[in-house]
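**Q** Handing you this structure, nothing more for now.
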DNA sequence: CTGAAAGCGCTAACAC
DNA sequence: GTGTTAGCGCTTTCAG
């Protein structure tokens with residue numbers, strides 16, 4: 259009835275009745291039931307956001323970007339965490355889709371077949387984020403991790419380093435880290451160079467792991483003159499370790515990480531890194547959903563935004 | 259009809275029909291509509307989680323605790339972020355309640371009157387987390403930040419420090435930081451000691467800010483022999499700064515932070531801190547909601563769990 | 001064990 | 001401008 263109209267600021271209602279309704283609503287402590295509303299209107303202002311983890315700052319930062327633009331709209335994000343587990347991803351996705359959200363933002367391009375079918379069948383905007391190396395179901399915004407790996411390899415070679423070590427996570431399911439690694443070794447291979455040593459970790463404090471791994475690797479392969487870390491946190495650990503040991507960085511050994519986390523600003527020396535454009539990705543993805551959910555005929559589709567991460571050479575990647 | 263029964267594994271359905279239904283559901287790619295289900299059953303398996311921020315690791319860690327226990331139940335968390343803004347908190351809360359969740363987990367004990375009324379009127383379990391210094395609406399799990407501040411002050415005094423500086427965030431709305439500060443100065447006052455200097459920051463990289471603030475303060479008040487940081491990140495920045503400057507820690511100056519973040523493990527020296535029991539808080543809060551949402555008559559109510567944070571004295575808070 | 005029927009609290013379309 | 005009506009897609013209750 260009329261009440262519904264005023265509560266949603268729709269069309270013709272006289273000021274008098276409007277006031278009366280608002281008054282009543284307030285005194286009764288009335289909170290509309292969105293479930294009923296959604297069912298009736300076939301519209302749910304929720305955006306499903308599916309990410310692998312909350313345990314490092316990267317996804318929370320993406321969330322912040324998403325929040326920023328969704329705040330300007332009636333849309334609300336609902337997040338689900340998969341722990342890098344395809345099974346869980348499938349389940350979380352199913353749960354979310356059963357709420358008939360206005361769109362979904364999901365990390366990565368790799369999903370189980372079932373997940374892909376659900377996404378395709380959902381008939382809502384789907385934005386796959388963080389990665390552009392592969393085929394998207396619908397829209398896609400991110401960076402090319404393969405290209406990022408290549409770019410860093412080139413910069414390192416150009417700076418004159420030759421004996422390069424790689425340190426990363428032991429995560430077969432972190433496809434983005436894997437792609438960076440592939441791009442990285444690819445460029446090295448072209449120059450006839452192979453990774454001199456490599457080390458992988460899982461669990462624990464990344465900073466501490468970075469220290470440990472660096473120690474182990476330097477002991478095992480003393481001729482190393484560069485270490486490429488698959489994320490800034492272990493890179494920072496490595497940097498702190500080197501400084502502790504009185505190792506000249508980058509004189510004796512150069513270092514680089516990946517992500518461009520804010521944390522690096524406070525380190526004794528600025529670690530070379532590459533900005534993964536996390537907030538920007540969140541913002542762009544949310545924008546796509548917001549734009550499309552406004553339209554009627556789902557005009558858009560298949561948007562593809564590839565951001566280009568830039569190297570922040572810091573002080574740990576200098577020409578020798 | 260029957261279909262509904264098999265999809266929910268309810269009561270008496272013959273294996274034959276069950277199979278037939280499952281079969282049909284699969285081939286049709288049927289995903290049940292939870293909105294309709296929720297409306298009909300008056301049951302929504304969502305738990306609203308309202309937190310101030312995602313920008314440091316503390317709340318993501320609480321989330322992980324919540325996820326852990328909710329994963330074992332049909333309940334699903336939905337998070338809302340307030341940016342420490344009571345206005346936003348009110349709005350976010352309103353939005354969430356309009357989905358009629360099974361419970362709400364909300365950070366802090368300080369809310370606007372409107373927010374409090376909504377929470378009281380909602381008729382669902384409400385767990386206020388992180389803080390126990392004040393009056394809870396319903397259940398409450400956290401630590402006493404006032405007590406935490408007092409405890410740290412005692413430890414510092416006992417270790418023989420006299421000229422103490424405080425460094426924290428410029429956040430009038432971070433009640434927990436404020437309470438820690440109050441507890442801290444209270445104990446000092448009892449011993450006839452006043453904070454020698456203080457400094458507050460906002461925005462930017464906490465690690466970098468920690469460095470800057472430490473530098474500024476040491477210049478301004480050279481007689482300081484201890485610095486108490488309101489979080490570990492700025493504490494870590496301070497520690498790195500001191501080490502850079504060749505300042506003997508804790509010989510010349512002692513340091514302590516707050517939170518017990520994992521990051522500290524990788525630092526050149528272990529910063530003294532106090533574990534805020536974040537994951538544990540998340541777990542306990544989720545458990546309360548889970549337990550109560552199982553019962554019919556909302557048996558429980560008013561649970562109050564106060565965890566006691568322990569000092570991890572690290573290497574930067576040693577008897578002089 | 002299975003079907004039919006009556007809502008859940010709203011929105012949308014249509015009268016008044 | 002305002003009231004009325006018919007569903008939205010399920011769950012629930014009650015008959016068969």
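Residue numbers (the working numbering), protein chains in the order written: chain A, 259 to 578; chain B, 259 to 578. For glycine and all other residues, C-beta sits at the position ideal for the given N, C-alpha and C. Values in this document were obtained by computation on a predicted structure and should not be read as measured data.
#1: Going by beta-carbon coordinates alone, are residue 575/B and residue 417/B separated by less than 8 Å?
#2: Can you tell me the Cβ-Cβ gap for residue 494/B and residue 468/B, rounded? I've got them flagged as a contact below 8 Å.
#3: Please go through the same chain and pick out, in chain order, the residues whose beta-carbon is closer than 6 Å to the beta-carbon of residue 484/A, but skip the five residues on each side of it.
#4: Jot down the residue ranges of each uninterrupted alpha helix (DSSP H) in the region 310-378 of chain A, minimum 4 residues, whole runs only, in chain order.
#5: Could you tell me which chain A residues have their CB closer than 7 Å to the CB of residue 520/B, listed as they occur along the chain?
#6: DSSP puts residue 398/B in a beta bridge; with which residues?
#7: Report the rounded CA-to-CA distance for residue 440/B versus residue 308/A, giving the unit in angstroms.
#8: Please name the residues in the region 290-301 of chain A whose beta-carbon is closer than 7 Å to at least one beta-carbon of chain B, in chain order.
#9: Can you tell which of 360/A, 481/A, 406/A has its C-alpha closest to the C-alpha of residue 453/A?
#10: Are any of the Cβ atoms in chain B nearer than 8 Å to that of residue 325/A?
#11: Quick one: give me the first and last residue of the alpha helix (DSSP H) that residue 293/A is part of.
#12: Against chain B, does residue 573/A count as a neighbour if the rule is that its beta carbon must be under 8 Å from one of theirs?
#13: Are the beta-carbon atoms belonging to residue 548/B and residue 399/B less than 8 Å from one another?
#14: Looking at the structure shown, is residue 422/B part of a helix, part of a strand, or coil, going by DSSP?
#15: For chain A, is any of its Cβ atoms less than 8 Å away from the one on residue 396/B?
#16: Going by DSSP, what residue range makes up the beta strand (DSSP E) through residue 514/A?
#17: Where does residue 429/A fall in DSSP's three states?
#18: Decide if the region 521-531 of chain A is in contact with the region 367-379 of chain A; the criterion is three or more beta carbon pairs, one per stretch, under 8 Å apart.
#19: Starting from the C-beta of residue 360/A, find all residues in its chain whose C-beta is less than 8 Å away, skip the five residues before and the five after it, and write them out in chain order.
#20: Relative to chain A, which residues along the region 348-368 of chain B have a C-beta separation below 7 Å, given in chain order?
#21: Whole angstroms is fine: what's the gap from residue 405/A's alpha carbon to residue 564/A's?
#22: Reducing DSSP to helix, strand and coil, say where residue 302/A ends up.
#23: Look up residue 405/B in the DSSP assignment and say whether it is helix, strand or coil.
#24: Pull out every residue of the region 330-347 of chain A whose Cβ sits closer than 7 Å to any Cβ of chain B, in chain order.
#25: Can you name, in chain order, every residue of its own chain whose Cβ lies under 7 Å from the Cβ of residue 402/A, other than the five neighbours on each side?
#26: Considering residue 456/B, what are the terminal residues of the beta strand (DSSP E) in which it resides?
#27: Hey, could you find the ends of the alpha helix (DSSP H) residue 499/B is sitting in?
#28: What residues of chain B sit near residue 466/A, judged by a beta carbon separation below 7 Å?
#29: On the three-state DSSP scale, how would you describe residue 533/B?
#30: Using CA atoms only, rank isn't needed, just tell me which of 478/A, 531/A, 510/A is closest to residue 492/A.
#31: Using DSSP's beta-bridge definition, name the partner residues of residue 517/A.
#32: Secondary structure at residue 274/B, three-state DSSP: helix, strand or coil?
#33: How many angstroms separate the CA atom of residue 526/A from the CA atom of residue 287/A?
#34: Can you name, in chain order, every residue of its own chain whose Cβ lies under 7 Å from the Cβ of residue 443/B, other than the five neighbours on each side?
#35: Could you give the DSSP three-state label for residue 544/B: helix, strand or coil?
#36: Assuming residue 569/B and residue 437/B are in contact, meaning their beta carbons sit under 8 Å apart, how far apart are those beta carbons, in whole angstroms?
**A** The structure says:
#1: One-based indexing of the second chain puts residue 575/B at position 317. One-based indexing of the second chain puts residue 417/B at position 159. Less than 8 Å separates the beta-carbon of residue 575/B from that of residue 417/B.
#2: Within the second chain, numbered from 1, the residue matching residue 494/B stands at position 236. Within the second chain, numbered from 1, the residue matching residue 468/B stands at position 210. Yes, they are in contact, since the Cβ atoms of residue 494/B and residue 468/B sit about 6 Å apart, within 8 Å.
#3: Within the first chain, numbered from 1, the residue matching residue 484/A stands at position 226. Around residue 484/A, the same chain offers 414, 419, 422, 512 as residues with beta carbons nearer than 6 Å, after the five sequence neighbours per side are excluded.
#4: Counting whole runs of 4 or more residues, the region 310-378 of chain A contains the alpha helix (DSSP H) stretches 316-328, 344-355.
#5: Taking the first residue of the second chain as 1, we reach residue 520/B at position 262. Result: 463.
#6: Translated into positions along the second chain, residue 398/B becomes position 140. Residue 398/B is bridged to 386/B, 562/B.
#7: For this step, residue 440/B is matched to residue 182 along the second chain. For this step, residue 308/A is matched to residue 50 along the first chain. If I take the Cα positions, the gap works out to 40 Å.
#8: Within the region 290-301 of chain A, 290, 291, 292, 293, 294, 296, 297 place their CB atoms closer than 7 Å to a CB of chain B, listed in sequence order.
#9: The residue given as residue 453/A occupies position 195 in the first chain. It is 481/A.
#10: Taking the first residue of the first chain as position 1, residue 325/A is located at position 67. For residue 325/A, the closest Cβ of chain B is nearer than 8 Å.
#11: Start at 1 with the first residue of the first chain, and residue 293/A comes out as number 35. 292-299 is the span of the alpha helix (DSSP H), which, as asked, contains residue 293/A.
#12: Residue mapping note: residue 573/A aligns to position 315 of the first chain, counting from 1. It does not; no Cβ of chain B falls within 8 Å.
#13: Working through the second chain from its first residue, we reach residue 548/B at position 290. Working through the second chain from its first residue, we reach residue 399/B at position 141. No, the Cβ-Cβ distance between residue 548/B and residue 399/B is not below 8 Å.
#14: Position 164 of the second chain, counting from 1, holds the residue named residue 422/B. In the displayed model, residue 422/B falls within a strand according to three-state DSSP.
#15: Position 138 of the second chain, counted from the first residue, corresponds to residue 396/B. No Cβ of chain A is located within less than 8 Å of the beta carbon of residue 396/B.
#16: Reading the first chain from its first residue, position 256 is the one you call residue 514/A. In this chain, the beta strand (DSSP E) harbouring residue 514/A covers 512-514.
#17: On the first chain, residue 429/A is found 171 positions in, with the first residue counted as 1. Note: residue 429/A maps to coil in three-state DSSP.
#18: In short, these stretches do not touch, since the Cβ pair count stays below three.
#19: As a position in the first chain, residue 360/A is number 102, starting the count at 1. Within the same chain, residue 360/A has close Cβ partners 301, 302, 303, 304, 305, 333, 382, 383, 547, 551.
#20: Under the 7 Å Cβ criterion, the region 348-368 of chain B contributes 352, 353, 355, 356, 357, 358.
#21: Looking up residue 405/A in the first chain gives position 147. Looking up residue 564/A in the first chain gives position 306. For the pair residue 405/A and residue 564/A, the Cα-to-Cα distance works out to about 11 Å.
#22: Locating residue 302/A in the first chain gives position 44, counting from the first residue. Secondary structure of residue 302/A (DSSP, three-state): coil.
#23: Taking the first residue of the second chain as position 1, residue 405/B is located at position 147. DSSP, reduced to helix, strand and coil, places residue 405/B within a helical segment of the structure shown.
#24: For the region 330-347 of chain A, which is checked against every Cβ of chain B, the residues closer than 7 Å are 334, 336, 337, 339.
#25: The sequence position of residue 402/A within the first chain is 144, counting from 1. 390, 391, 564, listed in sequence order.
#26: Here residue 456/B is taken as the residue at index 198 of the second chain, counted from 1. Residue 456/B -> beta strand (DSSP E) spans 455-459.
#27: Looking up residue 499/B in the second chain gives position 241. Looking at the DSSP string, the run of the alpha helix (DSSP H) that includes residue 499/B is 490-502.
#28: Along the first chain, one-based indexing puts residue 466/A at 208. Here the neighbours are 523, 524.
#29: On the second chain, residue 533/B is found 275 positions in, with the first residue counted as 1. Strand.
#30: Locating residue 492/A in the first chain gives position 234, where the first residue counts as 1. Closest in C-alpha terms to residue 492/A, from the list 478/A, 531/A, 510/A, comes 531/A.
#31: In the first chain, the residue the question calls residue 517/A occupies position 259. DSSP links residue 517/A through a beta bridge to 533/A.
#32: Here residue 274/B refers to the residue found at position 16 of the second chain. Three-state DSSP puts residue 274/B in a helix.
#33: Counting from 1 along the first chain, the entry for residue 526/A is found at position 268. Counting from 1 along the first chain, the entry for residue 287/A is found at position 29. So the two alpha carbons sit approximately 55 Å from each other.
#34: For the purposes of this step, residue 443/B is identified with residue 185 of the second chain, where counting begins at 1. Counting only residues of its own chain and dropping the five nearest sequence neighbours on each side, residue 443/B has a CB closer than 7 Å to the CB of 453.
#35: As a first step, residue 544/B is located in the second chain; it is residue number 286 there, counting from the start. Reduced to three states, the DSSP call for residue 544/B is helix.
#36: Position 311 of the second chain holds residue 569/B. Position 179 of the second chain holds residue 437/B. Your pair residue 569/B and residue 437/B does not check out as a contact, with CB atoms roughly 17 Å apart and the cut at 8 Å.
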